[in-house]
Structure formats: C-alpha cells, structure tokens
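One structure is given here, and the rest of the page talks about it.
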Amino acid sequence: MINVTFPDHSVRQYPQGVTGLEIAQSISEGLARNVLAAKVNGDVWDVTRPIKGDVKLQLLTWNDTEGKAAMWHSSAHLMAEAIEQLYPGVKFGIGPDIENGFYYDIDLAGRTIAEEDLKKIEERMLSLAREKQTFKRREVSKADALDYFTRKGDEYKIELISDLNDGEITFYESGTFTDLCRGPHLPDTGFIKAVKLLNIAGAYWRGDEKRQMLTRIYGITFPKQKELDEYLVMLEEAKKRDHRILGRELELFTFSQKVGSGLPLWLPKGADLRERLENFLKKVQRKAGYVQVITPHIGNVELYKISGHLAKYGKDSFQPINTPIEGEQFFLKPMNCPHHCEIYKSKPRSYKDLPWRVAEFGTVYRYEQSGELHGLTRVRGFTQDDAHIFCTPDQLKDEFKGVIDIVMLIFKALDFKDFTTQISLRDPDNKEKYIGTDENWERAEKAILEVARESGLEYTVVEGEAAFYGPKMDFMVRDALGRKWQLGTIQVDYNLPERFDMEYTGSDNEKHRPIMIHRAPFGSMERFVAVLLEHCAGNFPLWLTPDQAIILPISDKYQEYAKKVLHLLKNSEIRVLIDERSEKAGRKIRDAEMKKIPYMLIVGEKEEASGTVSVRKHGEGDLGSFSPEDFITRINTELEESMKGI
RNA sequence: GCCAUUGUAGCUCAGGGGUAGAGCACUUCCUUGGUAAGGAAGGGGUCAUGAGUUCAAUUCUCAUCAAUGGCUCCA
Numbered sequence: 054m055i056n057v058t059f060p061d062h063s064v065r066q067y068p069q070g071v072t073g074l075e076i077a078q079s080i081s082e083g084l085a086r087n088v089l090a091a092k093v094n095g096d097v098w099d100v101t102r103p104i105k106g107d108v109k110l111q112l113l114t115w116n117d118t119e120g121k122a123a124m125w126h127s128s129a130h131l132m133a134e135a136i137e138q139l140y141p142g143v144k145f146g147i148g149p150d151i152e153n154g155f156y157y158d159i160d161l162a163g164r165t166i167a168e169e170d171l172k173k174i175e176e177r178m179l180s181l182a183r184e185k186q187t188f189k190r191r192e193v194s195k196a197d198a199l200d201y202f203t204r205k206g207d208e209y210k211i212e213l214i215s216d217l218n219d220g221e222i223t224f225y226e227s228g229t230f231t232d233l234c235r236g237p238h239l240p241d242t243g244f245i246k247a248v249k250l251l252n253i254a255g256a257y258w259r260g261d262e263k264r265q266m267l268t269r270i271y272g273i274t275f276p277k278q279k280e281l282d283e284y285l286v287m288l289e290e291a292k293k294r295d296h297r298i299l300g301r302e303l304e305l306f307t308f309s310q311k312v313g314s315g316l317p318l319w320l321p322k323g324a325d326l327r328e329r330l331e332n333f334l335k336k337v338q339r340k341a342g343y344v345q346v347i348t349p350h351i352g353n354v355e356l357y358k359i360s361g362h363l364a365k366y367g368k369d370s371f372q373p374i375n376t377p378i379e380g381e382q383f384f385l386k387p388m389n390c391p392h393h394c395e396i397y398k399s400k401p402r403s404y405k406d407l408p409w410r411v412a413e414f415g416t417v418y419r420y421e422q423s424g425e426l427h428g429l430t431r432v433r434g435f436t437q438d439d440a441h442i443f444c445t446p447d448q449l450k451d452e453f454k455g456v457i458d459i460v461m462l463i464f465k466a467l468d469f470k471d472f473t474t475q476i477s478l479r480d481p482d483n484k485e486k487y488i489g490t491d492e493n494w495e496r497a498e499k500a501i502l503e504v505a506r507e508s509g510l511e512y513t514v515v516e517g518e519a520a521f522y523g524p525k526m527d528f529m530v531r532d533a534l535g536r537k538w539q540l541g542t543i544q545v546d547y548n549l550p551e552r553f554d555m556e557y558t559g560s561d562n563e564k565h566r567p568i569m570i571h572r573a574p575f576g577s578m579e580r581f582v583a584v585l586l587e588h589c590a591g592n593f594p595l596w597l598t599p600d601q602a603i604i605l606p607i608s609d610k611y612q613e614y615a616k617k618v619l620h621l622l623k624n625s626e627i628r629v630l631i632d633e634r635s636e637k638a639g640r641k642i643r644d645a646e647m648k649k650i651p652y653m654l655i656v657g658e659k660e661e662a663s664g665t666v667s668v669r670k671h672g673e674g675d676l677g678s679f680s681p682e683d684f685i686t687r688i689n690t691e692l693e694e695s696m697k698g699i
C-alpha cells in the first residue's frame, strides 16, 4: 500500500500502482468523470499512469490551469491526427498548449490550408473525439524513436529527438497518430466536446528566421459547446474594444497611405486627449524636479557614430537625409538621448547640479519591419515621454526609485491595475552582444535589482532581454486581445556617458563620470493612448475625455437657451458642445451614448422655464434636474475626486 | 522582412468577364418631437495601384502597395 496525501493534507492509502483515475473514482463518480490530469509530487501526470510510491496528489480538472493545459495539449494531438488523415504526408514541428488553447506547427509539404479547410479539420477532430481514443504513453529508446520518425520521414521530430537524452523519451499514441511527447494527456479524446480552429499563421521552425517556415494552426477546445460559444462571444466583445476600431469611431486618430504606413495622424479629439495626458505628466515631472527641453527631429550622423547607434541600427533605420551642397548626413532621430547628452555637455557640470533631470516629449522615427506595424501600438513615428536623469553613483538608487514612483502614480491615476513588471538583464552567455564593460553592467544590474526589491513591486527577471547599452525595468500591459505591450521603461546606462565623455566636477574637485537613466513612464504617447483606449473601452475618465458634456435641446425652440447653458459651462472650463440637429431627443441621446460622452444635458421647455438642465450620465441614465451651477459643481467635485491622492 | 488571408462609397459589407449595390453616415426638404435610431428625396465609388490575358477586366493572371493574424525583430 502507498500513502497518498491530498491538497487538504488528508492522507489515504491505496494499493501500489493505483492510477489517478482510480483514486478519483474512489472519491466520487463525478470527479472521475471530470479529472483531466493529476499533479503527482508537483509534476503533472496522465491520470492513467500508475503511481508507485507515497505521493502528494492533486487531481486536476477543467477548473485548474494544468487541467486545461492537458486538455489543450491533447487537442493539439487530436488536430494533428485529423490533419494527418486529411492531408497524408505532412510533417509536424511542435504542438504545445498555450494560454488560450493550443497550436501545431506543420510542414504541409507544399500544400496550403485555407480558412475553409479549418471546418473540415474541426469536423474530423470532433468525429475522432467521439471515438474516445485513449492516449497511450510509452517510453522509447532514442534509437527506436529516431527509427520511427526516420521511417515516417519527419525531419523536425528527428531534430527534436536528437537534442534529447536516451531514457527520457516518451511517445504518446492516440488513434492513428503517434507523437514524440512529454505529456501529460487526457485519458481519452472523449473529453473534447467543442472545437474551434481560430487562425492560420506562419511560424519559423524553432523561432529562427533563417529556417523553414511552417504553417501554424491555432485552436481552442472546450468540454462543453456552451463554453466555446461563450468564449467566441467574449472574443467578439474584445474585438470591439480594439483601439483601432475605437480610435476611428471616436475620431481620435487615422492613417493615410499617402503619409505612410505606421505614421499616425492625430485627429483633433485625439490630439486634445494626448495633450491633456502630456500636461498631466509635465505637472507631475515639474513637481519631481524635472526640466523641459526641446530638440530637433534630426541629428548629424556624427552624433550617432558617437552614441554607437549607427553601428548597431544604421542599416535598419530610415536612411540618412543629405544636404545638397555640403553633403552632410542627418538621421531622423530614433531616440532623444544623444541630443540630451549634448545638452548636458553644453556647459561644465558640478556635483551640485546633479541629479539633473531633462525631459522632452520627443518625437522619434524608427524603421520598424513592415509586418510589425500595428495600429498605434507599433508605429514608425512616435512621441516618447522621454527624460534622462544624469546623476552620481550615490544618487542612482534614489533616482530609479523616484521614476518607479512616477510610473505608479500614472497607473493609479488611470486605474491600471493589471500590469506586470519585468527586469531585463543581459544574456550572461552572450556578452559580446552588448556594449560597455563587465564592471559597469554588474553595477547597473545590481542597482536595479536592489531598488526593485525595496520598492515592493512584484516582478520577473529575464536574462538576455536587456537593451544593448544597459539593463532595464519595463512595465507591460495586455491589450484587448491579450497581446502584451511594453509601456513604461526605466533603463540604466553607463555607456552613453562614457561615449559622450560626459563629466561633472565632484566635491573633490576631480572630474567624474555621471550615470544616465533613460525613462519614459508612458513609453510612447501612441502606445499608451492605444492601451488606455482598450483599457477603458473608449470611456475615458472625465478629466481626460475630449468632450465632457453635450447639450441636447429637445427642439429647435430651445437652441437659444442651450447656447446660454453652453457659455455658462464653457466659462467654467467644462468641455461641452451642443447637438444642434433637428432630431428627436431619443436620437440625440443615442448618438451621444455611442460617442461615449460622459454627460448629456437635456434642455427643453421645463428646463428653460426653471433655468435648469436635465442630466443624463453615459451608461447610467437620468440623474434628474440640476441648475447649471450645481452641474458645474458636480463635475468639479468628480474631477477632484478622481485626482485625490495623485 | 517571412507565411497566410484580405483590399468594392466615410463606416460595415453584398455582388460578379458586358463599366456597381445595401444599411449606416452625409446633403436638402418635411417634421419641433422629452431619455438609445421620425419620414422623404438626393449626392457620393478609376471596385487599392500597375501590367498582362480577352472583343470586353472591378471580376481571371502576375507584380506592387496597404491592412489583418501570426513568426522574427524592436535603440
């Protein structure tokens, strides 16, 4: 007999070789029907795998992330089986479960699969699922494994197996499909009741752009059709929050082929919103001791030779602008730091001047790969809320901390709770990728880690993700469709001060090298507005929204009164407009709701007689009658409330 | 940059070898209506761009550009 300890610390005895499924059956029939996998001493196993000794056991169902993973991983196999049956001779790369579903990378051997074909594959998957094919695990020797896939002619699997050690190779067989796989899997395919193949994409074999491109098919499965239906509805809802759609509907920004792809055009309402965000940050920064500067959009090639950017990015950037007579070369600036370095160097600096915090909403241009462009989140011309802090080594930690505080303040002001923090260090095995000395890198990385620890932030550390000139801390959020974007960034740089030969005179009357911190709490105005737009589904907070209120006259007879109210509100700096169309109130309300204007002020006979407005709040409805003064007070109170503690 | 898909009116989309349609939006007129769409008429498109096949191309073929979904990249 063996002892099995459950998550609630209870212990039960079972015969040796008992399976997770049998244990589930011993607890309840319902659990046995729903158990997808078992966590055995921390490893996830098939529920059909015999347990040999004392273990800690957790039975996993659809409600557990690992349960879902087993389901989706098995679904990838099921899809592969269906595809292999429909398109004999295809070869398979890898087919893992992912956060929402699974994919399989397939070499279609010259064939193509179109969206219409996905239905056929889905149908085949469902019919195979109904056969309740069991997943059979078996350990194979490396030689046998290689032999199997050599005979099958699947060079991708052969390559994968070649990297594995003999003795750790397992195959899973379900129906007609056998795959190299670590597992775990469902007991059988019958658990898969609903299938949706979502999209087809290309993916380089092993993520290497120099290698073969495989066809990747993404899909998701559920144990109930109803859950799939709900998921698809949810996806549709998410699409409506897409900033590219909302941006057009709310007339915030647009693109023009004639201007160029990846070059956003900010429309009046978008510009208005953006300016308000910029002013907000400027105010915060002024308080935190920043000074504003302004620099040109281009810089001489010499500047980028010194900074090192030319060597690293020259070929992949917009090509230089030449002066016709002198033959000088200028680059569109891809970042603001070299300009700011020259500002630092414009006069001798003393330790008494430091820390010196130089800010600029600087517009930069980067030649992003055409396939990478995406709405406002990935563009070729964008404005960074940039600043560079020049400080002494002693000041580094405090300054870094000060920047984190600003980022947190912004996130708080805009109600961003769902963000992650990542610290990016250099790849210790690939040090030649970076510029700067070992010693400087170590100092910088140590400083970031210390501040992060002391700030109480939750963060992940990723090696190999650092910028080429220094380690950094990034703040990321997800968009409506679950894609991760980097917003704020804080980067320590020991490199540029060196390259620009920056110095300050210390209290010892000797020359010292300052440290530089690059930081952008929003990241870029474009990306931030995109993410903010999706975050609030277009319902911007009152202090930010382009139009705070709209006056809706019941009929043309009340236009005069409406204008009176308009002036009253405008005098109190409320952003308000009138819907002057000869439409019915219902129509004007509907249109104002669609435009997501926070307050609608309805004025008609009643209001004109009593000198009031009827207030309707977006998404909520009628709030009743207010005098214009009371409405102004309400707005101002709401604005103050939203800025409390900021 | 790579793979796949797509490109028809401002937006959402239908159509299809014989030079184009709907709804919404827009304009005008009627209507002056009280909390999510009042009615009528009208204007608007080199069917992304360029070449090819054809008596004839918006439709078929190719190329280019752009967008979309991924991959790779991202100072």
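The numbering of the first sequence is our numbering, which starts it at 54 and goes up by one. Idealized CB from N, CA, C, for every residue including glycine.
Report task. Rank R410, C394, E379, Y397 by C-alpha distance to the C-alpha of Y343 and give the top, closest one. Result -> Taking the first sequence and counting its residues from 1, one reaches residue 343 at position 290. Comparing Cα positions, the closest option is R410.
Query raised in the report: Could you give the distance in angstroms between the alpha-carbon of R177 and the alpha-carbon of G243?
Result: Start at 1 with the first residue of the first sequence, and residue 177 comes out as number 124. Start at 1 with the first residue of the first sequence, and residue 243 comes out as number 190. Rounded to the nearest angstrom, the gap between the Cα atoms of R177 and G243 is 13 Å.
Query raised in the report: Taking the alpha carbon of P651 as the point to measure from, which residue in K659, H671, E658, E661 has its own alpha carbon closest?
Result: The sequence position of residue 651 within the first sequence is 598, counting from 1. Each of K659, H671, E658, E661 was checked against the Cα of P651, and the nearest Cα belongs to H671.
Requested in this report: Mind checking which residues open and close the alpha helix (DSSP H) that includes N689?
Outcome: Mapped onto the first sequence, residue 689 falls at position 636. Where N689 is concerned, the enclosing alpha helix (DSSP H) stretches over 681-695.
Query raised in the report: By the 10 Å Cβ neighbour count, where 16 or more other Cβ atoms means buried, how is R327 classified, buried or exposed?
Result: For the purposes of this step, residue 327 is identified with residue 274 of the first sequence, where counting begins at 1. Buried: at least 16 other Cβ atoms inside 10 Å.
Query raised in the report: Is E613 helix, strand or coil by DSSP?
Result: Counting from 1 along the first sequence, the entry for residue 613 is found at position 560. Reduced to three states, the DSSP call for E613 is helix.
Query raised in the report: To which residues does DSSP link S81 through a beta bridge?
Result: Sequence index remark: in the first sequence, residue 81 carries index 28 (1-based). DSSP lists no beta-bridge partner residue for S81.
Query raised in the report: Is H296 buried or exposed, if buried means 16 or more other CB atoms sit within 10 Å of its CB?
Result: Here the question's residue 296 lines up with position 243 in the first sequence. Under this definition H296 is a buried residue.
Query raised in the report: So, Y512 versus Q539, is the Cβ gap smaller than 8 Å?
Result: Here residue 512 refers to the residue found at position 459 when the first sequence is read from its first residue. Here residue 539 refers to the residue found at position 486 when the first sequence is read from its first residue. Y512 places its beta carbon 8 Å or farther from that of Q539.
Query - Distance between E175 and Y547 (C-alpha atoms, nearest Å) - result: As a position in the first sequence, residue 547 is number 494, starting the count at 1. As a position in the first sequence, residue 175 is number 122, starting the count at 1. Their Cα atoms are separated by approximately 55 Å.
Requested in this report: Would you list the residues sitting across from G675 in a DSSP beta bridge?
Outcome: Counting from 1 along the first sequence, the entry for residue 675 is found at position 622. Per the sequence shown, residue 675 should be read as Asp rather than Gly. The partner list for D675 (beta bridge, DSSP) reads R669.
Report task. Quick one: grab the DSSP three-state call for T203. Result -> The sequence position of residue 203 within the first sequence is 150, counting from 1. Assignment of T203 by DSSP, reduced to helix, strand and coil, places it in the helix class.
Requested in this report: Go ahead and label I151 buried or exposed: buried means 16 or more other beta carbons lie within 10 angstroms of its beta carbon, across all protein chains shown.
Outcome: Walking along the first sequence from the start, residue 151 turns up at place 98. With fewer than 16 other Cβ atoms within 10 Å, it is exposed.
Query raised in the report: Given A133, which residues of its chain have a CB within under 8 Å of its CB, disregarding the five upstream and five downstream residues?
Result: In the first sequence, the residue the question calls residue 133 occupies position 80. Result list for A133: F145, G148, Y157, I159, F230, D232, in chain order.
Query raised in the report: So N389 and V417 are in contact, right, with Cβ under 8 Å, and what is the actual spacing, rounded?
Result: Your numbering for residue 389 matches position 336 in the first sequence. Your numbering for residue 417 matches position 364 in the first sequence. Yes, they are in contact, since the Cβ atoms of N389 and V417 sit about 7 Å apart, within 8 Å.
Query raised in the report: Span of the beta strand (DSSP E) holding T473?
Result: Counting from one through the first sequence, the residue named residue 473 turns up at place 420. It spans 472-478 - the beta strand (DSSP E) in which T473 sits, taken as one unbroken run.
Report task. Within the same chain, show all residues whose beta-carbon is closer than 6 Å to that of G255, passing over the 5 residues directly before and after it, in chain order. Result -> Counted from its first residue, the first sequence places residue 255 at position 202. By the criterion of a C-beta distance shorter than 6 Å, G255 is surrounded in its chain by M266, once the five residues flanking it on both sides are discounted.
Query - Selected residue, minimal CA-CA separation from R264, among D241, E212, T165 - result: Taking the first residue of the first sequence as 1, we reach residue 264 at position 211. It is E212.
Query raised in the report: Considering V93, what are the terminal residues of the beta strand (DSSP E) in which it resides?
Result: In the first sequence, residue 93 corresponds to position 40, counting from 1. Per DSSP, the continuous beta strand (DSSP E) segment holding V93 begins and ends at 90-93.
Requested in this report: On a CA-only basis, which of R552, S79, G142 is nearest I359? Give me that one, please.
Outcome: Taking the first sequence and counting its residues from 1, the one referred to as residue 359 is at position 306. I359 has its Cα closest to that of R552, out of R552, S79, G142.
**Report entry** With 16 other Cβ atoms within 10 Å as the buried cut-off, status of Q186
**Finding:** Against the first sequence, residue 186 aligns to sequence position 133. Buried is the call here.
Query raised in the report: Relative to the alpha-carbon of G313, which residue among S403, E304, E421, A324 has its alpha-carbon at the smallest distance?
Result: Residue numbering aside, residue 313 sits at position 260 when the first sequence is read from its first letter. When only C-alpha atoms are compared, the closest one is E421.
Query raised in the report: Where does the unbroken alpha helix (DSSP H) through L139 begin, and where does it stop?
Result: Position 86 of the first sequence, counted from the start, is the residue given in the question as residue 139. It spans 118-139 - the alpha helix (DSSP H) in which L139 sits, taken as one unbroken run.
Query - Burial state of T376, where buried means 16 or more other Cβ atoms lie within 10 Å - result: Position 323 of the first sequence, counting from 1, holds the residue named residue 376. Looking at its Cβ environment, which holds fewer than 16 other Cβ atoms inside 10 Å, T376 is exposed.
**Report entry** Own chain, CB closer than 6 Å to R531, minus 5 neighbours either side, in chain order
**Finding:** Taking the first residue of the first sequence as 1, we reach residue 531 at position 478. The residues are K537.
Query - Contact set for A122: own chain, Cβ-Cβ below 7 Å, skip 5 residues either direction - result: Residue 122 sits at position 69 when you count from the first residue of the first sequence. Excluding residues up to 5 positions away in sequence, D150 lie with their Cβ nearer than 7 Å to the Cβ of A122 in the same chain.
Query raised in the report: Excluding five sequence neighbours on each side, which residues of the same chain lie with their C-beta closer than 8 Å to the C-beta of L363?
Result: Here residue 363 is taken as the residue at index 310 of the first sequence, counted from 1. Closer than 8 Å at the Cβ level, and outside the excluded window around L363, lie V354, Y357, F384.
**Report entry** For H571, the nearest candidate out of K564, E694, H441, E579 (CA to CA)
**Finding:** Within the first sequence, residue 571 is the residue found at index 518, counting from 1. Looking at the Cα atoms, H441 is the closest of the given residues.
Query - CB of F155 within 8 Å of CB of G272, strictly - result: Numbered from its first residue, the first sequence carries residue 155 at position 102. Numbered from its first residue, the first sequence carries residue 272 at position 219. Less than 8 Å separates the beta-carbon of F155 from that of G272.
Query - Through-space distance from D117 to E633, alpha-carbon basis - result: Translated into positions along the first sequence, residue 633 becomes position 580. Translated into positions along the first sequence, residue 117 becomes position 64. Taking the straight line joining both Cα atoms gives about 55 Å.
Query - Environment of M526 [buried if 16+ CB atoms lie within 10 Å] - result: On the first sequence, position 473 is the one that residue 526 refers to. Around the beta carbon of M526, 16 or more other beta carbons lie within 10 angstroms, which makes this residue buried.
Query raised in the report: Per DSSP, V57 is paired with what?
Result: Counting from 1 along the first sequence, the entry for residue 57 is found at position 4. Its beta-bridge partners are R65, V108.
Query raised in the report: For the beta strand (DSSP E) that Q345 lies in, which residues bound it at each end?
Result: Counted from its first residue, the first sequence places residue 345 at position 292. It spans 343-345 - the beta strand (DSSP E) in which Q345 sits, taken as one unbroken run.
Query - Boundaries (first-last residue) of the beta strand (DSSP E) holding M653 - result: Translated into positions along the first sequence, residue 653 becomes position 600. 652-656 is the extent of the beta strand (DSSP E) around M653.
Report task. In the DSSP assignment, find the beta strand (DSSP E) that holds N252 and state where it starts and stops. Result -> Your numbering for residue 252 matches position 199 in the first sequence. Going by DSSP, N252 is part of the beta strand (DSSP E) stretching over 247-257.
Requested in this report: Could you pull out every unbroken alpha helix (DSSP H) segment of at least 4 residues lying fully inside the segment 286-334, listed in chain order?
Outcome: Taking only runs of at least 4 residues, the alpha helix (DSSP H) segments lying wholly in the segment 286-334 are 296-302.
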